[in-house]
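Numbered by UniProt numbering, the letters in the sequence shown go through residues 1 to 421 in order.
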Amino acid sequence: MSESKLRVAICGGGIGGLALAVPLSKHKNIQVDVYEAAGRFAEIGAGVMIWARTWRIFELLGLAEDFAKVADSEPDPAVGFNYRRSDVGANGFHWNFVSMPYGCIRFHRAHFLDVFVEHLPPDVAHFGKRLVSYERREDGDISLNFADGTSAECNVLVGCDGIKSVVRGQLLRDKAEAEGRPDLLALIEPRWSGTVAYRGLIPATELPKHETLASPMMYCGQDKHIVAYSISRGHICNVVAFATEPKNEDAEFPGKDQWVTPCTKEEVSKCFAGWESDVGEMLERIDNPTKWAIHRLHRLPFYVANRVALMGDAAHGMCPHLGAGAGQAIEDAFILATVLGVATRSTLDAALEAYEQTRLPVANHVLKSSDESGKMYEFNSSFGEQYETLGPAIKHQWDFLTSSTPEGEAEKVLSIFEGLK
Ligand SMILES: Cc1cc2nc3c(=O)[nH]c(=O)nc-3n(C[C@H](O)[C@H](O)[C@H](O)COP(=O)(O)OP(=O)(O)OC[C@H]3O[C@@H](n4cnc5c(N)ncnc54)[C@H](O)[C@@H]3O)c2cc1C
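Dropping the structure here:
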């Protein structure tokens, strides 16, 4: 029996890979295997936020009840973000307010990933399996080669291996060679945004009465901004402080491959010296901050080739300025699982093409908008400091959340699939 199953290999067990594995594992006609390089599923110690659109996907997947147990959120409508001008010492002021249905729904990343892990059947996960390459065989199936010398086979490979994706690298190299398109090689490597982000957590008890525990905050200044919100049922404050050198946009990151490094809280405080006191009080309390070089991808012209599909950060790794990278990965997973759920080996190519047609335009749009939003928060967009027009423009960057529904997109992928198969 199992020979007739569709064998889906997922490379990478982060948020995207697990969001795909959970719904696929419910299909009797699909065998799903997750190959994860690390020794276990793990997320970094930091916060992650999603919007109501992603919550709707959790409802559709039957996961909402369990995510609700670890979420911090407010009733509808709630604060998306409260914006302050903060690089003006004691003269800081409120200048923009974005409200959203259910606001910004916040989680500790470890708890967030755990919900997916708890819904994963045994035997799906394979740890210590770092993919190094794959080959398309003559029968159309794919052989996977891992760093530990082992191999595996599948009918379709899904690259969920993050922004430095090995799968994306090979997919683009193979296509460049097969089609005589050396231009595709330039799309493999992520580009530095010119921004570094200082990240860390603060116990809420160290910030009594701080406004960020009451409402997600965005503290803005020239070339810098700070996102702060509560997680873990209000017990922890998650802080991400961004500092940009606009001239370095698309420059080579001086730290080369070292995108995440430890740093001191003195470095963080120094970077934001002269900002309003609420900011200073917060930053000096971050224990063991880390410094991240924020990279993003070029917009890829395709996410699928030869029964290999990309999703999540492997397909559209983006700046975090719309709080959308994980949400987009989860929506990729939802759409791909929907169409693979009705596919057979003979209709696999149509299913993957339908996935690409549905997701690529939206996710690439969000990738571009995330870049733009960062510039808006740091007064480097064409709106400059014109608060009256900048505020509404910031809100419009999130229009993709409501311009369609996850159910509508699921219907769309199925209808495209019907037309192609
Ligand atoms: C500062 C910051 C803040 C952010 N905040 C938010 C937010 O609030 N909301 C939001 O929606 N998004 C946010 N994001 C983006 C979000 O974290 C990512 O978009 C999301 O985690 C991508 O998930 P993924 O599964 O595609 O990739 P990843 O999380 O990178 O997972 C990739 C997985 O693949 C594994 N892997 C890698 N290479 C291989 C290989 N060769 N073989 C096998 N396994 C491999 C890795 O070990 C990992 O488990 C933020 C990003 C940053 C940098």
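Ideal Cβ positions, reconstructed from N, Cα and C, are used throughout, including at glycine. From a predicted model like this one, the values you see are computed outputs, not experimental measurements.
query, result
"Cα-Cα separation, Pro392 to Ala228", "21 Å"
"Closest Cα partner of Ile202 within the set Arg84, Val279, Arg130, Gly274", "Val279"
"For Met217 and Phe81, believed in contact at Cβ under 8 Å, the rounded distance", "7 Å"
"Candidates Ala37, Gly234, Glu153, Ala333: closest to Gly147 by CA position", "In the sequence as displayed, the identity of residue 147 is Ala instead of Gly. Of the candidates Ala37, Gly234, Glu153, Ala333, the one whose C-alpha sits nearest the C-alpha of Ala147 is Ala37."
"Proximity test, Val166 beta-carbon vs ligand 1 heavy atom, cut-off 8 Å", "yes"
"Contact test: Arg130 Cβ vs ligand 1 heavy atom, cutoff 8 Å", "yes"
"DSSP-derived helix/strand/coil call for Lys26", "coil"
"Val79 beta carbon near ligand 1 (any heavy atom closer than 8 Å)", "no"
"Close-in-space but distant-in-sequence residues of the same chain around Ile57 (CB under 7 Å, 5 per side omitted)", "Ile330, Glu331, Phe334, Pro406"
"Burial state of Ala71 (16 or more Cβ within 10 Å)", "buried"
"For Trp192 and Leu390, the rounded distance between their alpha carbons", "25 Å"
"Neighbour-count burial assignment, Asp287, 16 or more Cβ in a 10 Å radius", "exposed"
"Stretch pair the stretch 108-117 + the stretch 299-306: three plus CB contacts closer than 8 Å", "no"
"Own chain, CB closer than 6 Å to Val34, minus 5 neighbours either side, in chain order", "Ile10, Gly13, Gly17, Ala21, Val124, Ala125"
"Continuous beta strand (DSSP E) assignments of at least 3 residues falling wholly in the stretch 51-117", "78-85, 93-100, 105-108"
"Spatial neighbours of Glu249 in its chain, beta-carbon cut-off 7 Å, leaving aside the 5 residues before and after", "Ser193, Gly194"
"Candidates Gly103, Phe67, Lys5: closest to Pro401 by CA position", "Strictly speaking, residue 401 in this sequence is Leu, with Pro absent from that position. Of the candidates Gly103, Phe67, Lys5, the one whose C-alpha sits nearest the C-alpha of Leu401 is Gly103."
"beta-carbon Val48 near ligand 2 non-hydrogen atom, thresh 8 Å", "Ligands present in the displayed structure are limited to ligand 1, and ligand 2 is not among them."
"Val239 Cβ short of 8 Å to ligand 1 heavy atom set", "no"
"Within 9 Å, strictly: CB atoms of Gly200 and Lys256", "no"
"contact_flag[the stretch 85-99, the stretch 205-224] where n(CB pairs < 8 Å) is 3 or more", "yes"
"Assigned secondary structure, Asp161 (DSSP; H/G/I helix, E/B strand, else coil)", "coil"
"Touching by the beta-carbon criterion (3+ pairs, under 8 Å), the stretch 44-55 and the stretch 224-243", "yes"
"Alpha-carbon spacing of Asn155 relative to Asn29, whole angstroms", "13 Å"
"Phe253 in three-state terms, based on DSSP", "coil"
"Cβ neighbour criterion (16 or more within 10 Å) applied to Ser277", "exposed"
"Minimum C-alpha distance to Gln258 - residue among Ser215, Thr290, Lys375, Leu336", "Thr290"
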